[in-house]
Amino acid sequence: MFTIQDAERELTEAEKLNPGRWIDHSKATALNAKLIAEKVEGMDSGKAYCMGLLHDIGRRVGVVAVRHIFEGYYYMNKIGQPEIARICLTHSFPGKGSDTYFGTYDCTEEERKFLDEYIAKIEYDDYDRLIQLCDAISLPTGACIMEKRLIDVALRYGVPKFSPDKWRASMENKRYFDALCGCNIYTLLPNVMENSYENLPI
């Protein structure tokens, strides 16, 4: 598994290839995952941080939609990081519906079939759930209440018919980690209210 320094170096190199708001979103996701993992017995906060930092690493190739999960999966496997490769594929699918991506399926038919089979057969662990959760509460400016982030995504991609089911799955992830942490996870994260009050770009 990468060290934190290894993961940060990968993100720095990715930013040179494709700068954008996704870099700050990744950093926020990483910090939030680390802070939550620190409160959960048996979780490795450094591992959670690295996974959060690199969950969107496939965006290093340029401006893409679902293609980024495949590019991240390929790249992380290529450099010997199968655990992060897995996160690259699972982070976008709370609830295990491979047809619930917000955005375009800019992938091949073979890749789509692989994704369907992969998501159907895998058993999510707490790292999958944690990065899904932190992806759903992390704006580029930091942590926010989940509803704010869901609106952010809806403004950019619309509201497909699967949206309520995906929202419920994300909210269930939050309830799950609230229980593991013994508190509302928002109380663990910096500047939640400030970020939640900030106006979204439209």
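Taking the numbering used here as reference, the numbering of the sequence shown is continuous, increasing by one, and the terminal residue is 232.
Where is the CB? At the ideal position from N, CA and C, for every residue including glycine.
How is the alpha helix (DSSP H) around residue i delimited, first residue to last?
i, result
"Asn107", "97-108"
"Met223", "222-227"
"Lys126", "Here Lys126 belongs to no alpha helix (DSSP H), and DSSP marks it neither H nor E."
"Val183", "176-187"
"Asp155", "Counting along the chain, Asp155 falls outside any alpha helix (DSSP H), and DSSP gives it neither H nor E."
"Leu41", "34-47"
"Met31", "First-last for Met31: undefined, no H or E at that position."
"Met73", "Met73 -> no alpha helix (DSSP H), and no H or E assigned at all."
"Lys204", "193-211"
"Thr120", "112-120"
Short of 7 angstroms in beta carbon distance, which residues of its chain neighbour residue i, apart from the five on each side in sequence? Order them along the chain.
i, result
"Ile99", "Gly88, Cys118, Leu119, Ser122"
"Tyr9", "With the chain represented from 31 up to 232, any question about residue 9 goes unanswered, as that position is not in the structure."
"Asp146", "Ser128"
Measure from the alpha carbon of residue i to the alpha carbon of each residue in the options, then state which is nearest.
i, options, result
"Ile167", "Arg159, Arg179, Glu147, Gln35", "Arg179"
"Thr33", "Gly76, Leu169, Glu45", "Gly76"
"Asp155", "Met31, Phe192, Ala60, Gly125", "Gly125"
"Arg116", "Arg90, Cys137, Gly82", "Gly82"
"Gly133", "Gly188, Gly172, Met176", "Gly188"
"Gly92", "Met201, Thr217, Arg159, Glu43", "Glu43"
Rounded to the nearest angstrom, what separates residue i and residue j at their Cα positions?
i, j, result
"Tyr131", "Val96", "7 angstroms"
"Lys108", "Gly102", "10 angstroms"
"Ile215", "Asp208", "5 angstroms"
"Arg39", "His85", "14 angstroms"
Please work out which residues of its chain come closer than 6 angstroms, Cβ to Cβ, to residue i, disregarding the five sequence neighbours upstream and downstream, and give them in chain order.
i, result
"Leu246", "This structure cannot speak to residue 246, because the chain is shown only from 31 to 232."
Since residue i contacts residue j with CB under 8 angstroms, what's their CB separation in whole angstroms?
i, j, result
"His55", "Pro170", "5 angstroms"
"Ile161", "Ala63", "6 angstroms"
"Asp136", "Val70", "No, Asp136 and Val70 are not in contact; Cβ-Cβ is about 35 angstroms, not under 8 angstroms."
Taking 8 angstroms as the threshold (beta carbon to beta carbon), is residue i in contact with chain C?
i, result
"Glu139", "No chain C is part of this structure, which consists of one protein chain only."
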